[in-house]
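Trainee: Top to bottom, those sequences are chains A and B. FYI, the numbering for the first sequence is 187 to 298, going by this note's numbering. FYI, the numbering for the second sequence is 126 to 233, going by this note's numbering.
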Amino acid sequence: EPEVTQTPSHQVTQMGQEVILRCVPISNHLYFYWYRQILGQKVEFLVSFYNNEISEKSEIFDDQFSVERPDGSNFTLKIRSTKLEDSAMYFCASSELGGKQFFGPGTRLTVL
Amino acid sequence: RKEVEQDPGPFNVPEGATVAFNCTYSNSASQSFFWYRQDCRKEPKLLMSVYSSGNEDGRFTAQLNRASQYISLLIRDSKLSDSATYLCVVNRFNKFYFGSGTKLNVKP
C-alpha cells in the first residue's frame, strides 16, 4: 500500500538555525499539507499546497516558514531561525482530491 | 470559540461495549468532515469520512448533523485494539481543523 514518508524521523537543532523537513507524498496525490503537533496538544494545520503553490495557510505559518516542491516527488518545509517553541512533531500529509488525507509518520523537531 | 470541540475523555469501556463520541464545530461554512484515530506518538490515521446521510464501516458508524453542527462516531463491539485517541476533523476551503481528541481505553 502506498504511503507518505518523512525524513528525518528526529531532528535536533540549535535555536536560530534553519531546518528543512522532507516528505515524499503518495505519488498520484495532488494536494500536500504540513501540520504540527506540540507534545500533548492538538494537531494544528500549517499549510496546504496544490498545483505548485500555497493554497491556504494558518496564522502559525508566518515568514519563518516556507514550503517547496523542488522536484516531482519531494515536498519540503523549511523553518528559518528556529525558536524553542518550534519544538514539535511535524506531519506531512497528502490527498488525491483535497479531502481524505494520508499522513506520514512525522519528524520530531527538538530545538535546543 | 474553538473551531472544533470534543470531550477529551477518557472513556474507559470493557471489551464488547458500544461507545459514542461527539464533536461540535463552530463554523457553518465547513465543508467536509472526518474521523481520524491517533495512537500515542504516532501519526493520525483516517478512520472515515462523515456524511449527512450517515455512513457505516464495519463496527464504526459516523453521522453528521449540519443544522446542529454536530458530528458523531459510534463504535460497536469494542476491541482492545480500538484503544486510541479519536480526532474529529473539519475542512473549510482546504484548511483542516482538528479537535483535541477523545481518548478511548478498552479494557479486557
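Beta carbons are placed, not taken as given, at the ideal position from N, Cα and C, and that holds for glycine. Predicted model, so just to flag it, every value in this text is computed and none were measured.
Looking at the C-beta of F221/B, does it have a partner C-beta in chain A at a distance below 8 Å?
Mentor: In the second sequence, residue 221/B corresponds to position 96, counting from 1. So yes, F221/B belongs to the interface.
Trainee: Can you give me, in chain order, the residues of the stretch 193-213 of chain A that have a beta carbon less than 9 Å from any beta carbon in chain B?
Mentor: none
Trainee: If I'm right that Y222/B touches E128/B with Cβ under 8 Å, what's the distance once you round it to whole angstroms?
Mentor: What you label residue 222/B is simply residue 97 of the second sequence in a count that begins at 1. What you label residue 128/B is simply residue 3 of the second sequence in a count that begins at 1. Right, the Cβ-Cβ distance comes to about 4 Å (below 8 Å), so this counts as a contact.
Trainee: My guess is that L232/A and Y221/A are in contact by the Cβ rule of under 8 Å, so how many angstroms apart are they, rounded?
Mentor: Residue 232/A sits at position 46 when you count from the first residue of the first sequence. Residue 221/A sits at position 35 when you count from the first residue of the first sequence. Rounded, the Cβ-Cβ distance is 6 Å, consistent with contact.
Trainee: With 16 other CB atoms within 10 Å as the buried threshold, where does S228/B fall?
Mentor: Position 103 of the second sequence, counted from the first residue, corresponds to residue 228/B. A quick correction: the sequence has Lys, not Ser, at residue 228/B. Its Cβ being crowded by 16 or more others within 10 Å, K228/B is buried.
Trainee: Report buried or exposed for F288/A, applying the criterion of at least 16 other Cβ atoms within 10 angstroms of its Cβ.
Mentor: Along the first sequence, one-based indexing puts residue 288/A at 102. That one is buried.
Trainee: Taking DSSP as the reference, what is the three-state secondary structure of D182/B?
Mentor: By one-based count along the second sequence, residue 182/B stands at place 57. In the structure shown, the three-state DSSP call for D182/B is strand.
Trainee: Taking a Cβ distance cut-off of 7 Å, strictly less, list which residues of the stretch 257-275 of chain A are near chain B, in chain order.
Mentor: none
Trainee: Would DSSP call L205/B helix, strand or coil?
Mentor: Position 80 of the second sequence holds residue 205/B. In the structure shown, L205/B sits in a helix (DSSP, three-state: H, G or I).
Trainee: What is the rounded straight-line gap between the Cα of S108/B and the Cα of R126/B?
Mentor: The shown model of chain B, from 126 to 233, leaves out residue 108/B, and the question about it has no answer.
Trainee: Answer yes or no: the CB of T199/A versus the heavy atoms of the ligand ATP, is any distance below 7 Å?
Mentor: For the ligand ATP, the structure offers nothing, since it holds no ligand at all.
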